[in-house]
Structure formats: C-alpha cells, structure tokens
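Trainee:
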Amino acid sequence: TELSHLVASVRDDLETVEEIINIVDTQIETTGEKLPGTDYETFLTTGTSDPLPSSLSDENEAISISYTSGTSGQPKGVVYTHRGAYLNALGMALELGMNNRSVYLWTLPMFHCNGWCFPWGVIAVGGTHVCLRKFYPSTVISLIMDEGVTNFCASPTILIMLTKEHQVINKLQLSHTVTVVTGGAPPSPTLIQKMEELGIELIHGYGLTETYGPHSICEWQAPWNELSLAERARLKARQGVACIYSAQMRVVDKDMQDVPADGETMGEVVMRGNNVMQGYFNDPEATELAFRGGWFHSGDLAVMYPDGYMELRDRAKDIIISSGTNISTIEVERAIYKHPAVLEVAVIAIPDAKRGEVPKAFVTLKSDVSVSAQEIIDFCRQNLAQFKVPKAVEFIELPKTATGKVQKYLLREKEWVGYEKRIH
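If you count the sequence shown from 1, you need to add 1 to reach the numbering used here.
#1: Can you list, in chain order, the residues of its chain with a C-beta nearer than 8 Å to that of LYS361? Leave out the 5 residues immediately preceding and following it.
#2: If you reduce the DSSP assignment to three classes, tell me which class PRO215 lands in.
#3: Measuring only the C-alpha atoms, how far is PHE284 from VAL80?
#4: Measure the alpha-carbon distance for LEU133 versus LEU144 and round it to whole angstroms.
#5: If contacts are defined as beta-carbon pairs under 8 Å, then LEU344 and LEU366 qualify, I think. What distance do you get, rounded to the angstrom?
#6: Count the C-beta pairs between the region 396-405 and the region 147-164 that are closer than 8 Å, then say yes if the count reaches three, no if not.
#7: Return helix, strand or coil for GLU3, following the three-state DSSP convention.
#8: Give the C-beta separation of PHE297 and ARG273 to the nearest angstrom, bearing in mind that I take them to be a contact with Cβ-Cβ under 8 Å.
#9: So what does HIS298 bridge to, in DSSP terms?
#10: For ASN226 and ILE245, I'd like the C-alpha separation in whole angstroms.
#11: Is the distance from the Cβ of THR180 to the Cβ of ILE204 below 9 Å?
#12: Is LYS389 helix, strand or coil when you go by DSSP?
#13: With a cut-off of 8 Å, do at least 3 Cβ pairs link the region 366-377 to the region 308-324?
#14: Can you check which of these residues, LEU160, ASP369, ILE322, HIS130, is closest to PHE388 by C-alpha distance?
#15: How would you call VAL304, buried or exposed, if buried means at least 16 neighbouring beta carbons within 10 angstroms?
#16: By DSSP's criteria, SER323 is part of a beta bridge. Which residues make up the other side?
#17: Would you call the CB atoms of LEU125 and PRO188 closer than 9 Å?
#18: Where does the unbroken beta strand (DSSP E) through MET311 begin, and where does it stop?
#19: From the DSSP output, which residues share a beta bridge with HIS113?
#20: Please report the straight-line C-alpha distance between PHE282 and GLY184, rounded to a whole angstrom.
#21: Enumerate in chain order the residues of its own chain whose CB-to-CB distance from GLU20 is below 7 Å, with the five nearest sequence positions on each side excluded.
#22: Find the nearest neighbour of PHE363 within the set PRO76, ASP353, PRO341, THR330, judged by alpha-carbon distance.
#23: Mapping the DSSP letters down to three states, classify ARG239 as helix, strand or coil.
#24: Could you tell me which residues DSSP pairs with LYS401 in its beta bridges?
#25: Between the C-alpha atoms of TYR338 and VAL346, what's the straight-line distance to the nearest angstrom?
#26: If you reduce the DSSP assignment to three classes, tell me which class GLU286 lands in.
#27: Quick check on the DSSP output: the alpha helix (DSSP H) that includes GLU42 runs from which residue to which?
#28: So VAL252 packs on VAL270, CB below 8 Å; how close in whole Å?
#29: Can you name the residues that DSSP bridges to MET250?
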C-alpha cells in the first residue's frame, strides 16, 4: 500500500484492470491507505489448480515493452516477445546453475530489461526471491548471510559501492557460494579482483536492453584457475561468448566481414538469435537501421581473441580520435581505476585545437581521501602510452540513470558547448 496513492491517481483511467490487490507492507512504518479491492492473503485463497486462461496464439507476440536507459539521449521502447522472454528466463537460470535451493536477491531493478527475466527464471526452478526496497551495502551483506542468498545481479557501480566500505567487507563471512552476474558497463579488472578476494564468484555478462539483458557470458575455463589472481581478473574482464540460448555474436568491419581474431583489430558487435528484440515500438526507421544486414547492430566496438572470446573496447560514439589515432575510453578508465583513491571514473573526448580530441577524466573519489588532478594524470603516465593520458581531470559526482549507468552524453554536452558536432 506504500504506492496506493499513485494507483488512486490513475484508477479512473484504468479500463482493463479487473481487480486491485492490496499488499500491506509490514516492513516500513508509513503505509498508504487500502484501495477498494481485495487484500493479498484473501486473494491467495481464491486460487485453483485449473490452468490459467491464455489468449496467446503466437509465441512471437509481444509480452512487454522495456525502455532503453537513455545514456545516449531519448529512451526507445524495446518490444520483447513471449518466446524471447521464456528462453531468456530459462537460459539465465541455466547459466547460473540455479535450482530449487537457489535464493535470488533483487539488487537488479525489476524494471530493467524485465529484471533480465529472472522474475520468471527463479520461479521456473522453484527458487526463492528476496526483494530489496533500496540498496544499502550493509543490508545486502546481512541478507546474503541471514537469508542464504546464492545469487544476485548488479552493475559495476553497485559492486563498487559494495566493496568500498571496510566495515562491510570485514563483516562478510561466507559459508556458502555466492554467484554474481555483472553487466551494464565493463567491470575493471581491479573490481573483479576485489570481488574474488571477498570470495564472491563474479560472472561477467554483456548485453543491452535490446537483448533482454546478457547476450554473452565470459564462460570460465578450468585451466584458468591455475593463473594468478591478476591474470584471472584480466580474462574475466572480457565479455566472452554468446550464451547457449542466444545463438550468434560476431565482431565485424564496416563491410560486415568478421575482423581477424587477433585481440587487436576493432569492429562492431552484431548479434541475432532468440533473445534479440522484435524491434523498437512505433519506430520502424530505427528498427530497420538497427537490423541492417540481418544482424542487430549494438554500436559497441570490440576485438575478438583467438580463443573466440570477445572484449569490448568502447561504444562507437565514445571512442576518442586524437591526431587520427583511436583511444579507447575503457582502457583509460581501467588505468585510472587502479589508483587506490578512485571510486568511479568516466572518460570522454573533449575538443582540442591541435589534436582534434583528447581524453578528459571525470572522477569520484572514495570517502576520506584526497588526491589532486595532477596526481591522477601522473599515475596514468605510469600505466598508459603518453597520447592516451587524460589532458584534464575533474572531480565530480557522476550523473547516472536509474539503473546506475553513467550518462556520458551529459558530460559531453557540457564540454562541447559552442561546437556544432561532438566530433572536432
């Protein structure tokens, strides 16, 4: 009933709602008023074992519309199908090895890509949902230990928040395996290493709203267990191979030819398969553009390694072209993340009269630490080629979407005021 006032404000306009179910939340002090309808416990008693009625005649009918995060501007409606959601739900449960003993903690917003289809997947295997009203590191740690949480999903931003507080880390004493899927942005090897040190198994997934969540997983290989922690983290930072339920993923050049699998040649990630969207809602032009050549174009630039594993290098729009040479913002960000004072960082291109574009880093520091912009720049000189070193560093609170993704376009807007294009 906490949200009953919102429902009440639109109740008269709800033409297809048959009944309102009131759920009284006993975990908060202030609750809203009950609306005319049925309370949850009474509603449960009306259940039967009869099959639910279904008007579905085609598995490719739309099941929902999820909106992109808007990191690049205006969000777009992404149409999901029953077939895609069904296969993605079962596929995610399979990738995580979930069963009726699994306990899933909702750190991932359910509205984000339909919660990567875990609302259905956890139920399909008979697992347990543990819902979270708001993310607090201490609460998450307590739930992991008290509720026996075995799985959760989170963006790198959330994981950074989880690992930054010493009192939280010291409190974590795991007596069972906890597996976490991270995605939404490439996690730095530094973050992956920290999670491993905490005893949390981190699975790195890659996907977009257009792919119901993860389309690829960095599938772990047993021989890698013999490598050093730093080397394992480097391998796990890759975006990996297409999930078993996904079908296909390639890295291609502008002519749609596969780039050499040398770990160096960049191309665009394209996908197709069961968990690729049907299209953009009421936007046939954007849909046609996204699926040119019969493949969904992600707009992400990556390299392919000889072992068939893919690694992102940048968003096509984020790549920095300085004196005609490409600079990966992800590479620069990873270097800065190695600094012990850095909590979060975002790197963008800013205009430069001589080189066209140069890197600038926006940094959020950890609490109770101090470091100058010049110290960050000097640190980068020890870890990057000279032309990749940021020419400026600014300390700010990074702007983010509701799902924790950094809104780089807002940073670019500020830096490119007065220029007709965002490429100099």
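All C-beta atoms in this analysis are idealised placements derived from N, C-alpha and C, irrespective of residue type, glycine included. All figures in this text were calculated on a predicted structure; none of them were measured in a lab.
Mentor: Walking through what the data contain:
#1: Here the question's residue 361 lines up with position 360 in the sequence shown. Same-chain partners within the cutoff: VAL348, ILE349, ALA350, ILE351, PRO391, LYS392, ALA393, VAL394, GLU395, GLU416.
#2: As a position in the sequence shown, residue 215 is number 214, starting the count at 1. Under the three-state reduction of DSSP, PRO215 is assigned to strand.
#3: For the purposes of this step, residue 284 is taken as residue 283 along the sequence shown, with counting starting at 1. For the purposes of this step, residue 80 is taken as residue 79 along the sequence shown, with counting starting at 1. In the sequence under discussion, the amino acid at residue 284 is Asp, which differs from the Phe named in the question. Going from the Cα of ASP284 to the Cα of VAL80 covers about 11 Å.
#4: As a position in the sequence shown, residue 133 is number 132, starting the count at 1. As a position in the sequence shown, residue 144 is number 143, starting the count at 1. Straight-line measurement puts the Cα of LEU144 at about 9 Å from the Cα of LEU133.
#5: Position 343 of the sequence shown, counted from the start, is the residue given in the question as residue 344. Position 365 of the sequence shown, counted from the start, is the residue given in the question as residue 366. Their Cβ separation, rounded to whole angstroms, is 6 Å, which keeps LEU344 and LEU366 in contact under 8 Å.
#6: Yes, since at least three Cβ pairs between the region 396-405 and the region 147-164 fall closer than 8 Å, the two stretches touch.
#7: The residue you call residue 3 lines up with position 2 of the sequence shown. Three-state DSSP puts GLU3 in coil, outside helix and strand.
#8: Numbered from its first residue, the sequence shown carries residue 297 at position 296. Numbered from its first residue, the sequence shown carries residue 273 at position 272. Going by Cβ atoms, the distance from PHE297 to ARG273 rounds to 6 Å, so yes, they are a contact pair.
#9: Counting from 1 along the sequence shown, the entry for residue 298 is found at position 297. Among the bridge pairs identified by DSSP, HIS298 is matched with VAL271.
#10: As a first step, residue 226 must be located in the sequence shown, where it is residue number 225. As a first step, residue 245 must be located in the sequence shown, where it is residue number 244. A direct Cα-to-Cα measurement between ASN226 and ILE245 gives close to 22 Å.
#11: Here the question's residue 180 lines up with position 179 in the sequence shown. Here the question's residue 204 lines up with position 203 in the sequence shown. Inclusion of THR180 and ILE204 in the CB contact set at 9 Å is warranted, their separation being smaller than that value.
#12: Stepping through the sequence shown from its first residue, residue 389 is reached at position 388. Reduced to three states, the DSSP call for LYS389 is helix.
#13: Here the region 366-377 does not lie against the region 308-324, with fewer than 3 beta-carbon pairs under 8 Å apart.
#14: The residue labelled residue 388 in the question sits at position 387 within the sequence shown. Of the listed residues, the one whose Cα sits closest to PHE388 is ILE322.
#15: Locating residue 304 in the sequence shown gives position 303, counting from the first residue. Label assigned to VAL304: buried.
#16: What you label residue 323 is simply residue 322 of the sequence shown in a count that begins at 1. Paired residue(s): THR326.
#17: Mapped onto the sequence shown, residue 125 falls at position 124. Mapped onto the sequence shown, residue 188 falls at position 187. Inspection of the sequence shows that residue 125 is occupied by Ala rather than by Leu. No. Outside cutoff.
#18: Stepping through the sequence shown from its first residue, residue 311 is reached at position 310. According to the DSSP assignment, MET311 belongs to the beta strand (DSSP E) that extends over 311-316.
#19: For the purposes of this step, residue 113 is identified with residue 112 of the sequence shown, where counting begins at 1. DSSP lists no partner for HIS113.
#20: To locate residue 282, count along the sequence shown from 1; it is residue 281. To locate residue 184, count along the sequence shown from 1; it is residue 183. PHE282 and GLY184 have their C-alpha atoms some 24 Å from each other.
#21: For this step, residue 20 is matched to residue 19 along the sequence shown. Answer for GLU20: GLY38, THR39, listed in chain order.
#22: Numbered from its first residue, the sequence shown carries residue 363 at position 362. Taking each of PRO76, ASP353, PRO341, THR330 in turn and checking the Cα distance to PHE363, the smallest one comes out for THR330.
#23: Along the sequence shown, one-based indexing puts residue 239 at 238. Residue state, collapsed to three classes: coil.
#24: Mapped onto the sequence shown, residue 401 falls at position 400. Per DSSP, VAL407.
#25: Position 337 of the sequence shown, counting from 1, holds the residue named residue 338. Position 345 of the sequence shown, counting from 1, holds the residue named residue 346. For TYR338 and VAL346, the distance between alpha carbons rounds to 7 Å.
#26: If you number the sequence shown from 1, residue 286 lands on position 285. Looking at GLU286 - three-state DSSP - the assignment turns out to be helix.
#27: The sequence position of residue 42 within the sequence shown is 41, counting from 1. For GLU42, the enclosing alpha helix (DSSP H) has its first and last residue at 41-46.
#28: Residue 252 sits at position 251 when you count from the first residue of the sequence shown. Residue 270 sits at position 269 when you count from the first residue of the sequence shown. Indeed they touch by this definition, with Cβ atoms about 6 Å apart.
#29: Translated into the one-based positions of the sequence shown, residue 250 becomes position 249. Residue pairing by DSSP places MET250 opposite MET272 in a beta bridge.
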